[in-house]
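**Q** In our numbering, the protein residues as written are 4 to 167.
1. In angstroms with no decimal places, state the Cα-to-Cα distance between residue 132 and residue 32.
2. Relative to the C-alpha of residue 28, which residue among 71, 108, 54 and 135 is closest?
3. Here's the rule: buried if 16 or more other CB atoms are within 10 angstroms of the residue's CB, otherwise exposed. What is residue 48?
4. What number of angstroms, rounded off, separates the C-alpha of residue 137 from the C-alpha of residue 121?
5. Excluding five sequence neighbours on each side, which residues of the same chain lie with their C-beta closer than 6 Å to the C-beta of residue 76?
6. On the CB-based measure, 16 or more other CB atoms within 10 Å of its CB, does residue 115 come out buried or exposed?
7. Which of the three DSSP states, helix, strand or coil, is assigned to residue 32?
8. CA-CA distance, residue 42 and residue 60?
9. Determine, using beta carbons only, whether residue 45 and residue 159 come nearer to each other than 9 Å.
10. Considering only residues of the same chain and omitting the five flanking positions on each side of residue 55, which have a CB-CB separation below 6 Å?
11. If you compare alpha carbons, which of 100, 36 and 11 is closest to residue 57?
12. For residue 162, count neighbouring C-beta atoms within 10 Å of its own C-beta (all shown protein chains included) and say buried if the count is 16 or more, exposed if not.
13. How big is the Cα-Cα spacing for residue 151 and residue 99?
14. Tell me whether the beta-carbon of residue 109 lies closer than 9 Å to the beta-carbon of residue 153.
15. To the nearest angstrom, how far is the alpha carbon of residue 139 from that of residue 149?
Okay, here's the thing in structure tokens:
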């Protein structure tokens, strides 16, 4: 794929992820810190289709632009902390276990590390690591939402919905 076509394609994918991110941010949450994270399906698709560097770039840009458009710049740091840890975990899992792990399992791993990263940022902000008592609830939610997001990413990949 030529450089310009690749850039345009990744830009369109970023727009899709950003729209999903902003729309999902409008859905009220039942428990603090728990949401579906459908925009992560797009990031996972980018990881599989283009690689880790592109996946991290899309995640950082989506998170920053989502915070700007959503008016929640404070939330940017929580999303960025979780997103970076999540993407690094998924990159490692995909690099070393791509033949042994399904996309939903990869997504669940990413969701688990996303929650750990967000709690780390929260612990630093409030200056108390007791917030990790909330981790078991977040892990259950991560397994459920990560699986669902992984199924979405798997279908995007199989059906070549976002392929050029």
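C-beta atoms are modelled at their ideal positions from N, C-alpha and C, and glycine is treated no differently.
Note that the structure is a prediction, hence the values are computed from the model and not measured.
**A** The relevant details are as follows:
1. Near 23 Å, if we compare the C-alpha coordinates of residue 32 and residue 132.
2. Nearest neighbour of residue 28 by Cα position, chosen from 71, 108, 54 and 135, turns out to be 71.
3. It counts as buried.
4. Answer to the nearest angstrom: the Cα atoms are 11 Å apart.
5. Here residue 76 has 70 as same chain residues with Cβ atoms under 6 Å from its own Cβ, once five neighbours each way along the sequence are excluded.
6. The residue is buried, with at least 16 neighbouring Cβ atoms inside 10 Å.
7. In the displayed model, residue 32 falls within coil according to three-state DSSP, outside both helix and strand.
8. Looking at the two C-alpha atoms, the distance is approximately 14 Å.
9. Yes, Cβ-Cβ distance for residue 45 and residue 159 is below 9 Å.
10. These residues qualify, in order along the chain: 94.
11. Here the closest residue by C-alpha is 11.
12. Looking at its Cβ environment, which holds fewer than 16 other Cβ atoms inside 10 Å, residue 162 is exposed.
13. Residue 151 and residue 99 have their alpha carbons spaced roughly 23 Å apart.
14. Cβ atoms of residue 109 and residue 153: closer than 9 Å.
15. CA-to-CA, the gap between residue 139 and residue 149 works out to about 15 Å.
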